[in-house]
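Here the structure comes first, spelled out in structure tokens, and everything after it is commentary.
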Amino acid sequence: MELMLPTMIGIIAGITGSVAGLGGGIIIVPALIYLMDLPSQQAVGTSLVVIVFVAVSSVISYARRGRIDYHSAFYFMVFSIPGAIIGAHVGKDFSNDIFSVFFGMLLILVFIFMFINPKQSNYSYNANISMKRQFTDSLGKQYNYEFNKLYGMCISFCVGFISSLFGIGGGILMVPAMIMLFSFPPHIATATSMFIILFSAIVGSITHMTLDHVKWEFVVLLAPGAYIGGILGAKLASIIPSKLIIYILRILILVVAIRMII
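With my numbering, letter number 136 in the sequence shown gets 275, and the count goes up by one each step, no holes.
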């Protein structure tokens, strides 16, 4: 059972992260702290390494479906990577109690975010500071949208920072922003967000490794489950009604948030 538990945590985290574009850390970090008794920063570093496996499996699946806007993703990644490095260093001085409260507050925000109905915006940006995109998916459907470069830079930095500080994917900020601020189609936003998360998680993981925040024995047990969960999640996202998925995630996130704060 001691060996099976981390693997099951990895599978659940992989499914959750892939389906919602969240990266899986909202499951892994609390589980490592409360079920595996790890210090908060070791939980964060270990979670980020595992998230890399979640993201790889999800990105492969989404890439095959032709849902990733690589051009936009590379722009966002330029700014998310410095945020990931800084986030790892900022969090190294947090005590377990302080970390738990902040993490719980973050989950409360995630819970609130999930009640927002993500509708594509019709914003028209200044041509001098906007990036116009024309994207054709694997079914041949064409989408036209644009995003403000400055907003993209700021949000991407925050995504990298939060990802590395708390050991989560950062998709809870990136996906709504891409849909509501940047007019991305929802399924393109989720897939592109996961691609961004992959690289910010790699950079964050390397930074946490240098700080000795990674427990490799847990990575070995969590990663296979996370990889499998990521594949399952990408498939489930196209089968299970999105309303049911969001409803289950809301309950799970709220319960974990309350446990972290109290």
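Glycine residues also receive a C-beta, built at the ideal position from the N, C-alpha and C atoms. Model, not experiment: these values are computed from the prediction.
Residue j beta carbon less than 7 Å from that of residue i
i, j, result
"ALA152", "ALA396", "no"
"SER186", "VAL168", "yes"
"ALA392", "VAL249", "Here residue 392 turns out to be Ile, not Ala, going by the sequence shown. Going by C-beta atoms, ILE392 is nearer than 7 Å to VAL249."
"GLY164", "ILE190", "yes"
"ALA223", "GLY149", "no"
"PHE218", "MET292", "yes"
"ILE336", "GLY309", "yes"
"LYS231", "LEU350", "yes"
"GLY226", "HIS352", "no"
C-beta neighbour in chain B for residue i, strict 7 Å
i, result
"LEU144", "Annotation note: the requested chain B is absent from the structure, which comprises a single protein chain."
Under the three-state DSSP convention, the category residue i falls into
i, result
"PHE286", "strand"
"PHE252", "helix"
"LYS374", "helix"
"SER322", "coil"
"SER269", "strand"
"HIS210", "helix"
"PHE233", "coil"
"ARG204", "coil"
"GLY369", "helix"
Expected contact under 8 Å - CB spacing of residue i and residue j to nearest Å
i, j, result
"PHE321", "PHE286", "3 Å"
"ALA330", "ILE207", "5 Å"
"ILE294", "LEU312", "7 Å"
For residue i, the residue or residues it bridges with in DSSP
i, result
"MET292", "BP columns for MET292 are empty, so no partner."
"PHE274", "TYR282"
Residue burial classification, residue i (beta-carbon count within 10 angstroms, cutoff 16)
i, result
"GLY343", "buried"
"THR155", "buried"
"PRO380", "exposed"
"TYR386", "exposed"
"LEU289", "exposed"
"LYS354", "buried"
"LEU304", "buried"
"THR275", "exposed"
"GLN181", "buried"
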